[in-house]
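Engineer: Chains A and B are the protein sequences, given in the same order. No gaps in the numbering here: position 21 of the first sequence is 21 in the numbering used here, and each next residue is one more. No gaps in the numbering here: position 67 of the second sequence is 1067 in the numbering used here, and each next residue is one more.
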Amino acid sequence: MKSLPLFAALLILFSTPALAHRVNIHAWPDGDSVRVHCGFSRNSPAKDSRVTVYDAADGKELLSGVTDGNGDFRFAVPEQAHTDGLRIRVNAGAGHENEWRMESREFARNSDAPDQIRPDSQNPPTVHFDNSTTAMPARNDVLALTEVRVVVSEVLEAKLAPLRRDVAALSNPEPGVREIVGGLGWLVGLAGITLYLRSREQGRRVFPTVKQVSQA
Amino acid sequence: MHISEGVLSPAVLGAGATLTSLGVAAGMLRLDYDRLMTVALLSAAFFVGSLVHIPVGVGSVHLVLNGLLGILLGWAAFPAILTALALQAFLFQYGGLTVLGVNTFSMAFSGVLAGYAYKTVARCLPGPQGQKAAAFCGGALGVALAGFFTAMALALSDENFLVAAKLLFFAHLPVMALDGLITMFTVTLIVLVRPEMLHL
């Protein structure tokens, strides 16, 4: 086997991590932008893949870009996302494409946030979060709240990062033992059924039933 | 090699489905039903083969094994690969149902051609070494031709043929080598143990 080292050299030289069976895509809103992660199975990122963002309602192309070395892509939330939602499509080349849909309710406007966070009944109507020109305590309150919001969202994002990875992994499951054994069972079963049906036909020819004999 | 849904144009999808049904019909007509279990087992090998990831360099490759199926089954590789790909589409979401025809054709027809190539080479180079060389060529050629047909399907839809073909070819060089080796060992073993399997 003189040629084996040559093969090994070939294998290492020309190995590209891409070109598995399927490219996976996962996208989530992060503040004013949307983050997209594209990868193949077994944690290999889809580098330099074209990501195109469409309006989910009318299918119009909104923007496009290319993923970085980690398979990540980030873009500012387009205006249409709030009304129609987005359809994000990745093309990793060689016929590998996949898409991810984001609905409009995933994009909460920042200006909506205070109303959702603050229980109205506990706040006096004089405290406003926009450019209110009332007393000083209210201004401090506004500043503190925006700062708190930034800090909370940072911490939350850090805490959520592993969860997002898990969700991405769950939404693009790798084939497990169950699927493989199931597939093998199907193949053997289909062959078995075909053989059984044929053997019944042949059996009738060799050993005719009473009805066939009486007809003959 | 598994083209995803929504990539190809309807004309290419239709042509793939038509060609695949012709191939499956040819395979079923020539099929000796006593060998049906062999077909099912090789279909299972194909089904599992693309899950066998072999870590190579920085990434991993997976087997295709369509050359092996073409050599051992001839035209019966069509129904075998169609069933395996349908199950992969259902169970693993590889490829998809609308592209089943195109994917089956690109992998099965290249396997059938690889089978003929194996026979030709084996006839030109008699002896055990020639047998080995022929089997290796068959296994490697199956993958290379599958890449060629896949690139054709993409080119007929919209992708640039040369770009797609180059990408597929270079990415599949390790697969070609591996498939060639596996086909070589399998066929050598079968020639030793059950030579009648090769004379269809």
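A virtual CB, placed ideally from N, CA and C, is assigned to each residue, including glycine.
Indicate the three-state DSSP secondary structure (helix, strand or coil) for B:I1003 in the structure shown.
Structural biologist: coil
Engineer: Closer than 7 Å, CB to CB, is A:E201 near chain B or not?
Structural biologist: False, the Cβ-Cβ gap to chain B never drops below 7 Å.
Engineer: Out of B:G1023, B:A1165, B:T1018 and B:A1045, point me to the one whose CA is closest to B:T1205's CA.
Structural biologist: It is not possible to answer for residue 1205 of chain B, since the shown part of chain B is limited to 1001 through 1200.
Engineer: Mind checking if A:A168 is an interface residue toward chain B, Cβ cutoff 7 Å exclusive?
Structural biologist: no
Engineer: Residues of chain B with CB under 8 Å from A:A56, in chain order?
Structural biologist: Near A:A56 there are no residues of chain B at all, since even the closest Cβ is about 15 Å away, more than 8 Å.
Engineer: Excluding the five sequence neighbours on either side, which residues of its own chain have a C-beta within less than 6 Å of the C-beta of A:G69, listed in chain order?
Structural biologist: K47
Engineer: Please classify B:G1095: does DSSP put it in a helix, a strand, or coil?
Structural biologist: coil
Engineer: Counting only beta-carbon separations shorter than 7 Å, does A:L197 have a partner in chain B?
Structural biologist: no
Engineer: Using a Cβ-Cβ cut-off of 7 Å, state whether A:Q116 counts as contacting chain B.
Structural biologist: Here the model assigns A:Q116 a pLDDT of 45, short of 50, so the residue's position is not dependable, and the following value carries that caveat. No, its Cβ sits nowhere closer than 7 Å to a Cβ of chain B.
Engineer: State buried or exposed for A:L170, treating a residue as buried only when at least 16 other CB atoms are found within 10 Å of its CB.
Structural biologist: exposed
Engineer: CB-CB under 7 Å to B:L1008, same chain, minus the five flanking residues each way: which ones, in chain order?
Structural biologist: V1099, V1102, A1153 and S1157, listed in sequence order.
Engineer: With three or more beta-carbon pairs closer than 8 Å as the criterion, would you say the stretch 142 to 155 of chain A touches the stretch 1003 to 1017 of chain B?
Structural biologist: Touching, no, given that fewer than three Cβ pairs across the two stretches are closer than 8 Å.
Engineer: Should A:I25 be labelled buried (16 or more other beta-carbon atoms within 10 Å of its own) or exposed?
Structural biologist: buried
Engineer: Distance cutoff 7 Å, beta carbons only. Does A:V151 sit that close to anything in chain E?
Structural biologist: The chain labelled as chain E is not found among the protein chains of the depicted structure, namely A and B.
Engineer: Does the beta carbon of B:L1087 sit closer than 7 Å to a beta carbon anywhere in chain A?
Structural biologist: So, interface residue.
Engineer: Could you spell out the range, first to last residue, of the alpha helix (DSSP H) harbouring B:Y1118?
Structural biologist: L1100 to C1124
Engineer: If we count Cβ pairs, one from each stretch, closer than 8 Å, do we get three or more for the stretch 1128 to 1147 of chain B versus the stretch 1175 to 1195 of chain B?
Structural biologist: yes
Engineer: Is the distance from the Cβ of B:A1133 to the Cβ of B:L1125 below 7 Å?
Structural biologist: yes
Engineer: Starting from A:L86, trace the beta strand (DSSP E) in both directions and tell me its first and last residue.
Structural biologist: L86 to N91
Engineer: Can you pull the chain B residues whose beta carbon is under 9 Å from the beta carbon of A:R22, in chain order?
Structural biologist: H1002, S1004, F1092, Q1093, Y1094 and G1095
Engineer: Please confirm whether A:H96 has its beta-carbon closer than 7 Å to some beta-carbon of chain B.
Structural biologist: Interface annotation, A:H96: in contact with chain B, CB-CB separation under 7 Å.
Engineer: Pull up the DSSP beta-bridge partners for A:H26, would you.
Structural biologist: A:H37
Engineer: B:R1194 by DSSP, collapsed to three states: which one?
Structural biologist: Correct three-state label for B:R1194: coil.
Engineer: Using alpha carbons as the reference points, say which of B:M1037, B:A1080 and B:L1042 lies closest to B:S1021.
Structural biologist: For B:S1021, the closest alpha carbon among the candidates B:M1037, B:A1080 and B:L1042 is that of B:A1080.
Engineer: Starting from the beta carbon of B:S1043, find every residue of chain A whose beta carbon is closer than 7 Å, and list them in chain order.
Structural biologist: L187
Engineer: At a CB-CB cut-off below 8 Å, which residues of chain A make contact with B:Y1033?
Structural biologist: Within chain A, the residues near B:Y1033 are T194, L195 and R198.
Engineer: Taking 7 Å as the threshold (C-beta atoms), are B:G1027 and B:F1078 in contact?
Structural biologist: yes
Engineer: Which residues of the stretch 1138 to 1161 of chain B have a Cβ closer than 7 Å to any Cβ of chain A? Give them in chain order.
Structural biologist: Taking 7 Å as the Cβ-Cβ cut-off against chain A, the residues of the stretch 1138 to 1161 of chain B that qualify are T1150 and L1154.
Engineer: Could you pull the start and end residues of the alpha helix (DSSP H) that B:N1066 belongs to?
Structural biologist: N1066 to L1073
Engineer: Pick from A:F107, A:A92 and A:T52: whose alpha carbon is nearest that of A:E79?
Structural biologist: A:F107
Engineer: With DSSP as the reference, label A:G65 as helix, strand or coil.
Structural biologist: strand
Engineer: So with Cβ pairs under 7 Å, would you call B:F1047 a contact of chain A?
Structural biologist: Interface residue, yes.
Engineer: Would A:T217 and A:R89 be called neighbours here (beta carbons separated by less than 7 Å)?
Structural biologist: Given that chain A is displayed from residue 1 to residue 216, the structure contains no residue 217 of chain A and the question cannot be resolved.
Engineer: Can you list the residues of chain A that B:V1007 reaches, using a CB-CB cut of under 9 Å?
Structural biologist: Within chain A, the residues near B:V1007 are N91, G95, H96 and E97.
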